[in-house]
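Here's the structure we're looking at; comments come further down.
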Amino acid sequence: MSSSTFDIAIIGAGAAGLHLALNMRDDPFFRQKKILILEKESKEQNDRTWCFWEKGVGKWDHLLRHTWANGDFFCMGDALPLHLAPYQYKMLRGIDFYAFAKKALAAHPQFTWQQDAVLSVDTSSPCHIACSGGQYTAEYVFDSRIPEAFFQQDQYTRLLQHFKGWVIRTPEDCFDADRFNMMDYRLQWKDSTSFTYVLPLNAREALVEFTLFTPSLIGDGDYETMLNRYLKAVWRIEKFDIVESEYGVIPMSDFPFEKYASDKHIRIGTAGGWVKPSSGYSFKNCERNAVKITENLKSGRALNTGIISRRFRLYDAVFLDVLNRHNERGPSIFHTMYFKNDVQQIFAFLDEETSLLEELRIISGFPKRLFLRSLINVLTRWL
Ligand SMILES: Cc1cc2nc3c(=O)[nH]c(=O)nc-3n(C[C@H](O)[C@H](O)[C@H](O)COP(=O)(O)OP(=O)(O)OC[C@H]3O[C@@H](n4cnc5c(N)ncnc54)[C@H](O)[C@@H]3O)c2cc1C
Numbered sequence: 000m001s002s003s004t005f006d007i008a009i010i011g012a013g014a015a016g017l018h019l020a021l022n023m024r025d026d027p028f029f030r031q032k033k034i035l036i037l038e039k040e041s042k043e044q045n046d047r048t049w050c051f052w053e054k055g056v057g058k059w060d061h062l063l064r065h066t067w068a069n070g071d072f073f074c075m076g077d078a079l080p081l082h083l084a085p086y087q088y089k090m091l092r093g094i095d096f097y098a099f100a101k102k103a104l105a106a107h108p109q110f111t112w113q114q115d116a117v118l119s120v121d122t123s124s125p126c127h128i129a130c131s132g133g134q135y136t137a138e139y140v141f142d143s144r145i146p147e148a149f150f151q152q153d154q155y156t157r158l159l160q161h162f163k164g165w166v167i168r169t170p171e172d173c174f175d176a177d178r179f180n181m182m183d184y185r186l187q188w189k190d191s192t193s194f195t196y197v198l199p200l201n202a203r204e205a206l207v208e209f210t211l212f213t214p215s216l217i218g219d220g221d222y223e224t225m226l227n228r229y230l231k232a233v234w235r236i237e238k239f240d241i242v243e244s245e246y247g248v249i250p251m252s253d254f255p256f257e258k259y260a261s262d263k264h265i266r267i268g269t270a271g272g273w274v275k276p277s278s279g280y281s282f283k284n285c286e287r288n289a290v291k292i293t294e295n296l297k298s299g300r301a302l303n304t305g306i307i308s309r310r311f312r313l314y315d316a317v318f319l320d321v322l323n324r325h326n327e328r329g330p331s332i333f334h335t336m337y338f339k340n341d342v343q344q345i346f347a348f349l350d351e352e353t354s355l356l357e358e359l360r361i362i363s364g365f366p367k368r369l370f371l372r373s374l375i376n377v378l379t380r381w382l
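Structural data, given as structure tokens:
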């Protein structure tokens, strides 16, 4: 098989790969570069819905399905209204992002989009990429495949955020399209950190997802049982049509993904540790880190520079360790977090934009013994 040569190869046209490619498209530095995108899927299906919070106008506002300025948090018999301003909670369908990116990149001849499954990458210089349909070489490779080592280790905590959701349509008005449920703990799976969130699109349509932060998955039918029970018990909804459904499993881990890199080959997205370990959110991290990577590439810095904060990694690791050892305590910990802090502080904390003092104030609200024990656990495992 002959091999084609590129300056840059991006493996995976998901959130991370496309953010990176779109950044390169917009930057004159990359105009003369030959850039290859290798993606095994057609990306013509809506395989996920991304939600994220953001202040004011955002880069993807023209693609959004819906936004909310107000929401609610339900936990342990309490209800907390959330007024997000200056933030908004935004919803973007995967398919809309993929279609936009495909079209935007197709207009720039320096990009080649190849549907092919990558089998292996040899990271000598230049990197050699073996695919089921061909071979490629590239000076730099940005790789969305999760390193095998992640699945083989037990030094780091590995929880899963797993969920099943339905977009439902009801025969009567049931929802307020201006309010969403951030987390609703009124129905839980056994003694676990599990909740439902509800994202109303109009009075008769909403995305409803049952979500768990646990070490292992539950049966497919169990998510559906919980969704049916939740809709009946909490919303008194018995009749509805399922318009769309989605299922997802997101790793929540303090595993050092960023170490599985060389000078010219780094992991991106979930595979690069860009999923916030304590929340599972990563769409905005993909946007932010794609900017950092293109800047690093242009200035000759190590490609991963400025991506992972050691301080926030430690907070996340301690939090995951607590959930791993005492999964049943999750609801009361989230209750403390939401009731003792403004939602704006929580968003800034999860975005890693707070000061040490602000972080200590948030953390000091959590059960001290439980968290101290986990801090010792984490440090023992890490050192
Ligand atoms: C159902 C679901 C809902 C989510 N909702 C949210 C949300 O609301 N907010 C949020 O912030 N985060 C959310 N996440 C988490 C996170 O944002 C996404 O997983 C995000 O898509 C991660 O970006 P990524 O590029 O790492 O992975 P992906 O978007 O999954 O992209 C990886 C790409 O690589 C391709 N690929 C993999 N292996 C190969 C190979 N060998 N050869 C070629 N191509 C390959 C895949 O086909 C895929 O297109 C969600 C995740 C899921 C699964």
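Here numbering that gives the first Met the number 0 is used: the first residue of the sequence shown is 0, the next is one more, and so on.
Virtual Cβ for every residue (Gly too), placed ideally from N, Cα, C.
Quick one, which of the options has its alpha-carbon nearest residue i's?
| i | options | result |
| --- | --- | --- |
| Pro-214 | Ile-307, Phe-346 and Ser-193 | Ser-193 |
| Thr-156 | Tyr-196, Pro-276 and Phe-141 | Pro-276 |
| Leu-47 | Tyr-135, Ile-306, Met-75 and Trp-165 | First, the residue type needs correcting, since residue 47 is Arg and not Leu in the sequence shown. Here the closest residue by C-alpha is Trp-165. |
| Ser-244 | Ser-252, Phe-333, Phe-162 and Arg-178 | Phe-162 |
| Ser-124 | Phe-179, Glu-138 and Ile-236 | Glu-138 |
| Glu-357 | Ile-345, Thr-379 and Pro-366 | Ile-345 |
| Gly-55 | Trp-188, Leu-230 and Leu-83 | Leu-83 |
| Val-248 | Leu-302, Asn-45, Lys-101 and Thr-269 | Thr-269 |
| Leu-63 | Cys-173, Asp-115, Ser-331 and Met-90 | Met-90 |
| Cys-126 | Thr-169, Trp-112, Arg-360 and Asp-6 | Asp-6 |
| Tyr-229 | Asn-288, Asp-142, Met-182 and Val-120 | Met-182 |
| Leu-322 | Arg-287, Lys-58, Pro-366 and Ala-78 | Pro-366 |
| Ser-261 | Asp-142, Cys-74, Leu-118 and Trp-381 | Asp-142 |
| Asn-340 | Ile-167, His-65 and Arg-360 | Arg-360 |
| Leu-319 | Pro-27, Val-377 and Gln-343 | Val-377 |
| Tyr-86 | Glu-53, Ser-2, Asn-288 and Glu-223 | Glu-53 |
| His-65 | Lys-101, Asp-177 and Lys-39 | Asp-177 |
| Ile-375 | Gln-343, Ala-316 and Ser-331 | Ala-316 |
| Phe-110 | Lys-33, Leu-369 and Tyr-337 | Lys-33 |
| Trp-273 | His-107, Pro-250, Thr-293 and Tyr-337 | Pro-250 |
| Phe-51 | Trp-67, Ala-148, Glu-40 and Pro-80 | Trp-67 |
| Thr-379 | Leu-313, Leu-302, Gly-133 and Tyr-88 | Leu-313 |
Closer than 7 Å: is that where the CB of residue i sits relative to any heavy atom of ligand 1?
| i | result |
| --- | --- |
| Trp-112 | no |
| Ala-14 | yes |
| Gly-11 | yes |
| Arg-144 | yes |
| Gly-279 | yes |
| Cys-126 | no |
| Gly-272 | no |
| Trp-49 | yes |
| Lys-58 | no |
| Ala-129 | no |
| Gly-247 | yes |
| Lys-291 | no |
| Lys-42 | yes |
| Ala-232 | no |
| Gly-39 | Before going on, a small fix: residue 39 reads as Lys here, not Gly. Answer for Lys-39: yes, Cβ within range of ligand 1. |
| Gly-220 | no |
| Val-117 | yes |
| Cys-285 | yes |
| Gly-268 | yes |
| Phe-256 | no |
Determine the burial state of residue i: buried for a count of at least 16 other Cβ atoms within 10 Å of its Cβ, exposed for fewer.
| i | result |
| --- | --- |
| Asp-25 | exposed |
| Arg-92 | buried |
| Gly-364 | exposed |
| Asn-201 | exposed |
| Glu-171 | exposed |
| Gln-152 | exposed |
| His-61 | exposed |
| Glu-204 | buried |
| Glu-327 | exposed |
| Pro-199 | buried |
| Lys-101 | buried |
| Arg-144 | buried |
| Glu-38 | buried |
How about residue i and residue j: do their beta carbons lie closer than 8 Å?
| i | j | result |
| --- | --- | --- |
| Thr-122 | His-264 | yes |
| Ala-14 | Ser-278 | no |
| Gly-70 | Phe-212 | no |
| Leu-226 | Val-242 | no |
| Ala-20 | Ile-36 | yes |
| Gly-305 | Lys-291 | yes |
| Phe-254 | Arg-266 | no |
| Arg-324 | Ser-373 | yes |
| Phe-348 | Asn-180 | no |
| Cys-130 | Val-117 | yes |
| Tyr-135 | Ser-3 | yes |
| Tyr-222 | Phe-239 | no |
message: For a minimum of 3 consecutive residues, which ranges assigned as the beta strand (DSSP E) are wholly contained in the stretch 62-93?
response: 65-67, 69-74, 77-82 and 86-92
- prompt: Of all the alpha helix (DSSP H) runs that stay within the bounds of the stretch 264-335, which reach a length of 4 or more residues?
  reply: 282-298 and 309-324
- request: Jot down the residue ranges of each uninterrupted beta strand (DSSP E) in the stretch 165-231, minimum 3 residues, whole runs only, in chain order.
  value: 178-183, 193-201 and 204-213
Unbroken stretches of the beta strand (DSSP E), 3 residues or longer, contained in the stretch 92-139: 110-114, 117-121 and 126-130
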